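Here is the structure we will look at.
Residue numbers (our numbering): 99 to 187.
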């Protein structure tokens with residue numbers, strides 16, 4: 099395996115990781131920001147207030163995007179394992 103192939107594998111791995119993690123991370127960011135703005139407006143300084151809405155939002159996102167995430171990961175793994183003979187030679 100030469101350097102170009104290794105760079106290509108690393109690039110595709112990082113791109114797929116970012117693609118799969120983006121819905122959960124963006125949802126967590128948006129819900130956290132909304133809850134923080136709500137806490138500033140109402141002057142409620144309860145630290146546990148952000149936990150439950152974030153967890154429910156992440157659960158909803160995983161329920162909606164779960165099949166797409168699994169399809170993306172499995173297709174990448176299938177392509178990676180099918181190309182192993184080409185990487186050896």
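For glycine and all other residues, C-beta sits at the position ideal for the given N, C-alpha and C. In this text, all values refer to a predicted model and were calculated from it rather than measured experimentally.
- Pairing residue 134 with residue 152 gives a Cβ-Cβ distance that is not under 8 Å.
- DSSP places residue 137 in the helix class (H, G or I) of the three-state scheme.
- Note on the region 109-179: there is no whole beta strand (DSSP E) run with a minimum of 3 residues.
- In the DSSP assignment, residue 184 falls within the unbroken alpha helix (DSSP H) covering 182-186.
- Exclusion of the five residues before and after residue 113 leaves no residue of its chain whose Cβ lies closer than 8 Å to its Cβ.
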